[in-house]
Amino acid sequence: MTTTTAPTPSTASESSATPQAGPPPADTLDSHVPLTSRADLDQRVRQLLPCAAQRQLWLLLLDADDVQMPVMIPIGDLPLHADGPAVDGEGVLETLTMMTREFEVASFVFVLERSGSRSLTDDDAAWLSYLLEVGVGHGIRVRGVYLCHDDGVSGYDEGDLDELSRRRHQAVSASSADM
């Protein structure tokens, strides 16, 4: 049994410390802070998913102020290859469109989680490229895509699209040739 005593006037002022000014430590997740920069997104994704556990896709939702909405959506059972028919059959675009309309989601961040090294495979590149491009022409904004692997997290955005697209087309061509 634990007993507590009320603080005396002299100890009350000692125990009510003044909060320290300044930003919280980097390992503290403040869910109300806008994620306005790539560095902000990188830090948040690393806080949420420091390394891979299983193959799945995570979807983070951001509001109009770039604040992460209080839900992360896992999507499992992904096709290995991100070729058109298999991925389009997953309803990714339809899901994003519905969330944008129903929940006023302003932008999305994808995290492709898979075991293995940080080395980008052709299938990874195909998925990341697809996810970066999925909303183009449909009013869907994708802020960035990430690969979560055994060694941590690697981020990609529009600036990486040319290289990812090139690798995606190579992977799709190779899988078509194997059939």
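Start counting the sequence shown at 1; every next residue gets the next number (full-length UniProt numbering).
Every residue gets a Cβ at the ideal spot worked out from N, C-alpha and C, and that includes glycine.
Per the C-alpha coordinates, the member of 63, 131, 38 positioned closest to residue 57 is 131. Counting the other Cβ atoms within 10 Å of the Cβ of residue 71 gives fewer than 16, which makes it exposed.
For residue 47, the closest alpha carbon among the candidates 55, 63, 68 is that of 68. Between residue 75 and residue 59 a beta carbon distance of about 7 angstroms is seen, short of the 8 angstroms cut, so the two are scored as contacting. In this structure residue 96 does not touch residue 62 by the C-beta definition: roughly 12 angstroms separates them, more than the 8 angstroms allowed. For residue 32, the number of other beta carbons within 10 angstroms of its own is below 16, and it is reported as exposed.
Assignment of residue 92 by DSSP, reduced to helix, strand and coil, places it in the helix class.
In the structure shown, residue 47 adopts helical secondary structure according to DSSP, grouped into three states. With a 10 Å radius around the Cβ and a threshold of 16 neighbouring Cβ atoms, residue 108 comes out buried. Boundaries of the alpha helix (DSSP H) around residue 129: 122-133. Rounded to the nearest angstrom, the Cβ distance from residue 41 to residue 143 is 6 angstroms, consistent with a contact under 8 angstroms. Each of 166, 165, 156, 64 was checked against the Cα of residue 45, and the nearest Cα belongs to 156.
Per DSSP, the continuous beta strand (DSSP E) segment holding residue 74 begins and ends at 68-75. Counting along the chain, residue 37 sits inside no beta strand (DSSP E), nor does DSSP assign it H or E at all. Within the same chain, and ignoring the five residues on either side of residue 148 in sequence, the residues whose Cβ sits closer than 6 angstroms to its Cβ are 49, 52, 111, 113.
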